[in-house]
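**Student:** Starting off with a structure, shown below.
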Amino acid sequence: MSTANTSDLTGSPDVSQFLTFRLGDEEYGLGILRVQEIKGYSKITPLPNTPREVKGVMNLRGAVVPIIDLRARLGLREAEYTVFTVIVVVTVGTKIVGLVVDAVSDVLNVGANEMVPTPDLGSGVDTSFLNGIARTGERLVSLLNIDKLVGASDVGATALA
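Here the sequence shown is numbered in this note's numbering, starting from 1381 and rising by one per residue.
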């Protein structure tokens, strides 16, 4: 599990910051330094012959950005997009990708003592896309490794091509 040094943002080198968002009833986090911006859900141009999770592309200030629905990517059931649905624009390697999420929660400061490794769920369960779990009070937040979730997958290869 890696944590970014954000001492200039939080005052402590042992604290990492994550943008948290919701997919259904669950909360997830992405390293804040990977987030470029958060946009309201807007028109996406579908692409033919792409995986279900690749919603298409959008024009972001002249750049064509692939859009991935994180619900579909994580195998969650589909849900109607609402006024709270947003696109979180992130960097994956040298590319920019948009991630559709149900709603953005907040920025979470997580101390090193609040991060726990992803539990071993056996060989049939792939948790390689998780950096760990943030435990803040009663709240558990799954911390995503966006490079493994989007960048190294077939979906990532399709979306980032």
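Heads up, the beta-carbon is just placed ideally off N, CA and C, and yes, glycines get one too.
What residues in its chain sit with their C-beta under 6 Å from that of T1383, if we drop five residues either side in the sequence?
**Tutor:** Mapped onto the sequence shown, residue 1383 falls at position 3. Bear in mind that a pLDDT of 42 at T1383, under 50, signals an unreliable position, so the model cannot answer this.
**Student:** Can you tell me which of P1426, T1498, G1404 puts its alpha carbon nearest to the alpha carbon of G1455?
**Tutor:** Counted from its first residue, the sequence shown places residue 1455 at position 75. Among P1426, T1498, G1404, the Cα nearest to that of G1455 is on G1404.
**Student:** Under 9 Å, do L1524 and L1410 count as touching if we go by C-beta distance?
**Tutor:** In the sequence shown, counting from the first residue as 1, residue 1524 sits at position 144. In the sequence shown, counting from the first residue as 1, residue 1410 sits at position 30. Yes. Within cutoff.
**Student:** By Cβ distance, which residues of its chain are closer than 6 Å to K1528, with the 5 residues on each side in sequence left out?
**Tutor:** Residue 1528 sits at position 148 when you count from the first residue of the sequence shown. S1508, F1509, listed in sequence order.
**Student:** Mark D1486 as exposed unless 16 or more other C-beta atoms lie within 10 angstroms of its C-beta, in which case mark it buried.
**Tutor:** Stepping through the sequence shown from its first residue, residue 1486 is reached at position 106. Classification of D1486: exposed, given that the 10 Å Cβ count is below 16.
**Student:** Below 8 Å CB to CB, which residues in the same chain sit around I1476 once its five sequence neighbours on both sides are set aside?
**Tutor:** Walking along the sequence shown from the start, residue 1476 turns up at place 96. Cβ neighbours of I1476 beyond the five flanking positions: Q1416, L1440, A1443, V1445, V1469, V1470.
**Student:** Out of V1484, T1474, V1466, V1434, point me to the one whose CA is closest to T1400's CA.
**Tutor:** Taking the sequence shown and counting its residues from 1, the one referred to as residue 1400 is at position 20. Ranking V1484, T1474, V1466, V1434 by Cα distance to T1400 puts V1484 first.
**Student:** What would DSSP say about K1423, mapped onto helix, strand or coil?
**Tutor:** On the sequence shown, residue 1423 is found 43 positions in, with the first residue counted as 1. Reduced to three states, the DSSP call for K1423 is coil.
**Student:** Between the C-alpha atoms of I1418 and I1467, what's the straight-line distance to the nearest angstrom?
**Tutor:** Sequence index remark: in the sequence shown, residue 1418 carries index 38 (1-based). Sequence index remark: in the sequence shown, residue 1467 carries index 87 (1-based). Taking the straight line joining both Cα atoms gives about 6 Å.
**Student:** Name the two residues that bound the continuous beta strand (DSSP E) containing R1519.
**Tutor:** In the sequence shown, the residue the question calls residue 1519 occupies position 139. Unbroken beta strand (DSSP E) run through R1519: 1519-1524.
**Student:** Answer with buried or exposed for V1520, where buried requires no fewer than 16 other C-beta atoms within 10 angstroms of its C-beta.
**Tutor:** To locate residue 1520, count along the sequence shown from 1; it is residue 140. At residue 1520 the sequence reads Leu, which differs from the Val that was named. It is exposed - the Cβ of L1520 has fewer than 16 other Cβ atoms within 10 Å.
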